[in-house]
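S.K.: In the working numbering, the protein residues as written are 10 to 675.
Even glycine gets a Cβ: it sits at the ideal position worked out from N, Cα and C.
Note that this is a predicted model, so its numbers are computed, not measured.
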Amino acid sequence: MCGIAGIARREARGVDRTILLRMVAALRHRGPDGYGVFTGPRVGLAHARLSIIDVRGGAQPLTNEDGRIAITFNGEIFNYIELRKELEDAGHSFRTRSDTEVLVHGYEQWGPGLLARLNGQYAFAIYDARDQSVFLARDRFGIRPLFYSLLNGDLWFASEAKALFASGEVDAIPDLAGLDEVFTFWSARAPRTVFRGVHQLEPGTCAVWRAGSLRVSRYYQLQYPEAAEEPVDALERLDTLMRGGLALQMRADVPVGGYLSGGLDSSITCALAAGLSPFALRTFSVAFDDPRFDESAFQRLVAADLASEHSVQLITQHEIGEVFPEVIWHAETPVVRTAPAPMYLLSRLTASQGIKVVLTGEGADEVFLGYDLFKETIVRQFCLRQPNSTWRPRLFDRLYPYLLQNGQGGGEMWRRFFIESGPVDDPLFSHLPRFGLTSRIKDAYSGATRASLSGTDVVAELRDALPPEFPGWSALNKAAYLEMTTLLSGYLLSSQGERMGMAHSVEGRFPFLDHRLFEFAAGLPTRSKLRGLREKDVLRRWAAPILPQSVTDRGKQPYRAPDVPAFFHAAQPAYVEEMLGDAAVSHAGLFDVRAVSGLVRRCKAGRATGFRENQALVAILSTQLWHQRFFEQPILFAPLPLDGADIVLQEAPNDAAPGVQLRSTT
Numbered sequence: 010m011c012g013i014a015g016i017a018r019r020e021a022r023g024v025d026r027t028i029l030l031r032m033v034a035a036l037r038h039r040g041p042d043g044y045g046v047f048t049g050p051r052v053g054l055a056h057a058r059l060s061i062i063d064v065r066g067g068a069q070p071l072t073n074e075d076g077r078i079a080i081t082f083n084g085e086i087f088n089y090i091e092l093r094k095e096l097e098d099a100g101h102s103f104r105t106r107s108d109t110e111v112l113v114h115g116y117e118q119w120g121p122g123l124l125a126r127l128n129g130q131y132a133f134a135i136y137d138a139r140d141q142s143v144f145l146a147r148d149r150f151g152i153r154p155l156f157y158s159l160l161n162g163d164l165w166f167a168s169e170a171k172a173l174f175a176s177g178e179v180d181a182i183p184d185l186a187g188l189d190e191v192f193t194f195w196s197a198r199a200p201r202t203v204f205r206g207v208h209q210l211e212p213g214t215c216a217v218w219r220a221g222s223l224r225v226s227r228y229y230q231l232q233y234p235e236a237a238e239e240p241v242d243a244l245e246r247l248d249t250l251m252r253g254g255l256a257l258q259m260r261a262d263v264p265v266g267g268y269l270s271g272g273l274d275s276s277i278t279c280a281l282a283a284g285l286s287p288f289a290l291r292t293f294s295v296a297f298d299d300p301r302f303d304e305s306a307f308q309r310l311v312a313a314d315l316a317s318e319h320s321v322q323l324i325t326q327h328e329i330g331e332v333f334p335e336v337i338w339h340a341e342t343p344v345v346r347t348a349p350a351p352m353y354l355l356s357r358l359t360a361s362q363g364i365k366v367v368l369t370g371e372g373a374d375e376v377f378l379g380y381d382l383f384k385e386t387i388v389r390q391f392c393l394r395q396p397n398s399t400w401r402p403r404l405f406d407r408l409y410p411y412l413l414q415n416g417q418g419g420g421e422m423w424r425r426f427f428i429e430s431g432p433v434d435d436p437l438f439s440h441l442p443r444f445g446l447t448s449r450i451k452d453a454y455s456g457a458t459r460a461s462l463s464g465t466d467v468v469a470e471l472r473d474a475l476p477p478e479f480p481g482w483s484a485l486n487k488a489a490y491l492e493m494t495t496l497l498s499g500y501l502l503s504s505q506g507e508r509m510g511m512a513h514s515v516e517g518r519f520p521f522l523d524h525r526l527f528e529f530a531a532g533l534p535t536r537s538k539l540r541g542l543r544e545k546d547v548l549r550r551w552a553a554p555i556l557p558q559s560v561t562d563r564g565k566q567p568y569r570a571p572d573v574p575a576f577f578h579a580a581q582p583a584y585v586e587e588m589l590g591d592a593a594v595s596h597a598g599l600f601d602v603r604a605v606s607g608l609v610r611r612c613k614a615g616r617a618t619g620f621r622e623n624q625a626l627v628a629i630l631s632t633q634l635w636h637q638r639f640f641e642q643p644i645l646f647a648p649l650p651l652d653g654a655d656i657v658l659q660e661a662p663n664d665a666a667p668g669v670q671l672r673s674t675t
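(1) Between the C-alpha atoms of Thr292 and Pro50, what's the straight-line distance to the nearest angstrom?
(2) Quick one: grab the DSSP three-state call for Gln130.
(3) To the nearest angstrom, how far is it from the Cα of Val225 to the Cα of Thr386?
(4) Runs of 4 residues minimum, wholly inside the region 449 to 515: which ones carry the alpha helix (DSSP H) assignment?
(5) Take every Cβ of the region 169 to 185, pair it with every Cβ of the region 253 to 265, and state whether three or more of those distances are shorter than 8 Å.
(6) My output table needs one value for Asn623: the three-state DSSP class, helix, strand or coil.
(7) Are the beta-carbon atoms of Leu30 and Leu658 separated by less than 8 Å?
(8) Could you name the residues that DSSP lists as bridge partners for Gly676?
(9) CA-CA distance, Val321 and Val336?
(10) Under the DSSP definition of a beta bridge, which residues are partnered with Thr214?
(11) Taking the alpha carbon of Thr347 as the point to measure from, which residue in Phe600, Lys538 and Ala570 has its own alpha carbon closest?
(12) What did DSSP end up calling Gly681 once you bin it into helix, strand or coil?
(13) What are the complete beta strand (DSSP E) segments, minimum 3 residues, inside the region 321 to 401?
(14) Here's the rule I'm using: 16 or more other beta-carbon atoms within 10 Å means buried, otherwise exposed. How should Val433 be labelled?
(15) What's the gap between the Cα of Leu496 and the Cα of Phe194?
(16) Are at least three pairs of beta-carbons, each pair with one atom in the region 174 to 182 and one in the region 204 to 221, less than 8 Å apart?
(17) To the nearest angstrom, how far is the alpha carbon of Pro154 from that of Glu341?
(18) With 16 as the cutoff for other CB atoms within 10 Å, does Ala460 come out buried or exposed?
(19) At 3 residues or longer, and completely inside the region 154 to 227: list those beta strand (DSSP E) runs for me, N to C.
(20) Got a sec? Which residues, its chain only, sit under 6 Å from Val669 by beta carbon, not counting five neighbours each side?
(21) Counting C-beta neighbours from all protein chains within 10 Å, is the total for Gly12 16 or more, i.e. buried, or is it exposed?
(22) Have a look at Pro121, His38, Gly129 and Gly653 and flag the residue whose alpha-carbon is nearest the alpha-carbon of His524.
(23) Taking only the alpha-carbon atoms, compute the straight-line gap between Leu393 and Asp452 and give it to the nearest angstrom.
(24) Would you tell me roughly how many angstroms separate the C-alpha atoms of Ala678 and Gly370, rounded to the nearest one?
(25) Distance check for Asn623 and Arg616, CA to CA, integer angstroms please.
(26) Could you give the residue range of the beta strand (DSSP E) that holds Val547?
(27) If you reduce the DSSP assignment to three classes, tell me which class Ile16 lands in.
(28) What are the start and end residues of each continuous alpha helix (DSSP H) run of 4 or more residues lying completely inside the region 238 to 265, in chain order?
(29) Give the secondary structure of Asp137 by DSSP, where H, G and I count as helix, E and B as strand, and everything else as coil.
(30) Can you list, in chain order, the residues of its chain with a C-beta nearer than 7 Å to that of Gln395? Leave out the 5 residues immediately preceding and following it.
(31) According to DSSP, is Ala22 part of a helix, a strand, or is it coil?
(32) At a cut of 8 Å, does the region 205 to 224 reach the region 65 to 85 through at least three beta carbon pairs?
(33) Kindly identify the DSSP beta-bridge partner or partners of Glu587.
(34) Could you check the C-alpha separation between Leu185 and Trp635 for me, to the nearest Å?
(35) With DSSP collapsed to three states, give me the class of Val311.
(36) Per DSSP, Thr292 is paired with what?
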């Protein structure tokens, strides 16, 4: 895991190293172990390194033998050993042990066809001096980020948007349509972002820049070829995929730890890792002082069963409020829940223990239908077959008992929220309740924001973007696709995941997002995954021999964190009053001053207890912080010193031997 950045000029006027060194300075939290630059007449590359594979020899940017192909790479290629053997058999010579060099020679050998061979999580840029092109690629599920901006034929790209702004050549301007998507889907949908003129490369796509033009193409599309019956060897195939995939993801030249939530998914990854690790596995968990959110009893149970060396980050409401501004700086987007903050604190703890790499269970719920949303979908369909039934909606009581306990559900609320949220034949049927609830944040928009968004319908845009195969999928597979493409990549893997880990230079690895495992699961009958209201059934059956029964039998507990209480208490952070005050809200201009002040009064009085008001408060406060940090003050980074770089490369003119200057190889 690292930070990458670069510039490609339509005209051969050179790339200033100082600009690259400013960009990479903005990414230093992603790569504290070293940095380097490559410059030429048209293209410059920069890299901030988190050393995990080939710690001593894998400095970047890295070139092939003749210097005509150069790469800056973020991520891991888990099957790099197998690909290296194949490339060596084809005549390629290697001078490092890194997975980065496998990409360089793989591109030489197969061109863009390289991507189909990769098992990994990655974002990279390859400069090909032979045709003066830049090849960009992002992994299948969007685990690693890649942002870019194209203006007058010049291209800027980086792992984070702040590095683009640090160049001094890309302006930070809010994109209200992107903001509207955050307040509908929880994140902006790639290629859109919350910054005007800044785009994300979509998951499973690549792009070629040449002569000032950028052409984006898709190399991987999610498919759901559901079988009628579960294969007789399903558990054996699942076993092979789980154990083989996790063994690949354990490859590292540094210790690999695990995040342990106490749920099924993280317990599986940690149990398999413990069996493969040559030392006592290090596991890390968050625990809450509020028992409504705490799962520490199950975490301790699994940690004891695995005999792992376990560390716990206790989360208090005060701590969430204290770190929230830094959470927004690293996320680079407003959020609608405080859930990223505990993950930020957990990665800080992990880094303090000397661990750079952790396995997580993220992705299992999307792949094996683990969320309550999938149960909602089948229950809503069941209810709508007899829309006047009074007992059928009571099934929601079983899904959300904690809402009933808080007086927020049942009866007429279930009917309004679930039954009347939209027709069964709407392609977005499964997600309409969530989209509708989140969109209530928009009630607080200012008049100017409403006017700017007039004619913008982000839900209609999503409908129009669905793949041609979508109508032929089952309702649950449609829901799974929407969950993968609206929530997983943009929010769970980014704001709540990758960004919070890399804020402290901790790389997350996601065994459940091995594309081979996804493709196997997507081909199963949906009842193999969701049997009645029992989620992840096939995964539970497979995991029974390796986990305590109390874990495999335990139902899904959604990961949640305190929202409003994190900001309104006796020792609340000073910025809360400032950011939500009339002057600051009016200055940013995004929300209505009276709507915000009314919400703040309810929060202070302890009356803002429902999901709608909790989401609205977090959304407005995070937007105010985002606006202040990115638009009300310049984003300035001093360039890193050139003489401190691990490697400095200079493209040779024409056919001369490439000029390479190594500052250090450590």
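M.R.: According to the structure data:
(1) Distance between the alpha carbons of Thr292 and Pro50: 48 Å.
(2) strand
(3) 34 Å
(4) 456 to 461, 467 to 474, 484 to 491 and 508 to 511
(5) no
(6) helix
(7) no
(8) No answer is possible for residue 676: it lies beyond the span of the chain, which begins at 10 and ends at 675.
(9) 20 Å
(10) BP columns for Thr214 point to Arg227.
(11) Answer by Cα proximity: Ala570.
(12) The requested residue 681 does not occur in the structure, where the chain is confined to residues 10 to 675.
(13) 366 to 368
(14) Under this definition Val433 is an exposed residue.
(15) 7 Å
(16) yes
(17) 12 Å
(18) Exposed, because fewer than 16 other Cβ atoms sit within 10 Å of the Cβ of Ala460.
(19) 156 to 160, 163 to 167, 214 to 219 and 222 to 227
(20) Residue confidence is low: Val669 scores 47 on pLDDT, short of 50, so the model does not pin down where it sits. No coordinate-derived value is stated.
(21) With 16 or more other Cβ atoms within 10 Å, it is buried.
(22) Gly129
(23) 29 Å
(24) Here the chain has residues from 10 to 675 only, and residue 678 is not among them.
(25) 10 Å
(26) Segment Asp546 to Ala552 is the alpha helix (DSSP H) holding Val547; no beta strand (DSSP E) there.
(27) strand
(28) 243 to 258
(29) Reduced to three states, the DSSP call for Asp137 is strand.
(30) Arg401, listed in sequence order.
(31) Checking the sequence, you will find Arg at residue 22 rather than Ala. Coil, per DSSP.
(32) Because the criterion of three Cβ pairs below 8 Å is not met, the region 205 to 224 and the region 65 to 85 do not touch.
(33) None, per the DSSP bridge assignment.
(34) The alpha-carbon atoms of Leu185 and Trp635 are separated by roughly 13 Å.
(35) DSSP, reduced to helix, strand and coil, places Val311 within a helical segment of the structure shown.
(36) Gly267 and His319
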